[in-house]
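Enquirer:
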Amino acid sequence: MQEHELRALLGPAYDDTDIEQRLRIDEAQAAIARRWPEPDLADTRREALNGAMLVVLGDATLEDVAKQMHTARAAYEDALAALTGALIVSAGRPVQVRDGRGGGYIRDGSEVDLAARAGISRLTVRKALGK
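Numbering (our numbering), first residue to last: -10 to 120.
Below is the structure:
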């Protein structure tokens, strides 16, 4: 990473860093780019570099970052359990939906319907329903 890129990345914090910190960030950026080279993984690379910079700059420890991940994972598991419950009670239950033009249509509560409404795969619906 060129100095101007590092300066842009760190912003005002650049002046508070030493050569070793800048080198560690540069090495982390290169390793992260090798780990996730695909163009569609730019968000993943950005988050990984943010985690690296938090540790290098002393704003967080490995344990702090890991705790955030565990908290997020627990929240994900809770949300998945809630979705499973919602799928269970919605399965096979027709629902009338208004279309905003004074009309409406019936959602049939089938696996395909539930998957479309929840934005998930039919396989995920089947798993939630214990099939």
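Virtual Cβ for every residue (Gly too), placed ideally from N, Cα, C.
Model, not experiment: these values are computed from the prediction.
Suppose you measure from the CA of A(-3) to the CA of G108; what does that come to, to the nearest Å?
Expert: Working through the sequence shown from its first residue, we reach residue -3 at position 8. Working through the sequence shown from its first residue, we reach residue 108 at position 119. In a straight line, the C-alpha of A(-3) is about 38 Å away from that of G108.
Enquirer: Between which two residues does the beta strand (DSSP E) containing Q85 stretch?
Expert: Position 96 of the sequence shown holds residue 85. Residues 84 to 87.
Enquirer: Could you compute how far the alpha carbon of S79 sits from the alpha carbon of E27?
Expert: Start at 1 with the first residue of the sequence shown, and residue 79 comes out as number 90. Start at 1 with the first residue of the sequence shown, and residue 27 comes out as number 38. Taking the straight line joining both Cα atoms gives about 38 Å.
Enquirer: Compare the beta carbon distance of A41 and A17 with 7 Å and say whether it is the shorter of the two.
Expert: Mapped onto the sequence shown, residue 41 falls at position 52. Mapped onto the sequence shown, residue 17 falls at position 28. In this structure, A17 lies closer than 7 Å to A41 by Cβ.
Enquirer: Please determine, among T113, L51, V86, the residue with the shortest C-alpha to C-alpha distance to Y94.
Expert: Position 105 of the sequence shown, counted from the start, is the residue given in the question as residue 94. Nearest option by C-alpha distance: V86.
Enquirer: Could you check where the alpha helix (DSSP H) with Y65 kicks off and where it finishes?
Expert: The residue you call residue 65 lines up with position 76 of the sequence shown. Per DSSP, Y65 belongs to the alpha helix (DSSP H) from 51 to 79.
Enquirer: Do you know whose CA, among R96, K116, L43, lies nearest L72's CA?
Expert: Looking up residue 72 in the sequence shown gives position 83. Selected option, being the one with the closest Cα: K116.
Enquirer: Considering only the beta carbon of each residue, do V128 and Q10 sit closer than 7 Å?
Expert: In the structure as shown, the chain begins at -10 and stops at 120. Residue 128 is therefore absent and cannot be evaluated.
Enquirer: What residues in its chain sit with their C-beta under 7 Å from that of R96, if we drop five residues either side in the sequence?
Expert: By 1-based counting over the sequence shown, the position of residue 96 is 107. Excluding positions up to five away in sequence, the list reads P83, V84, V86, D102, R106.
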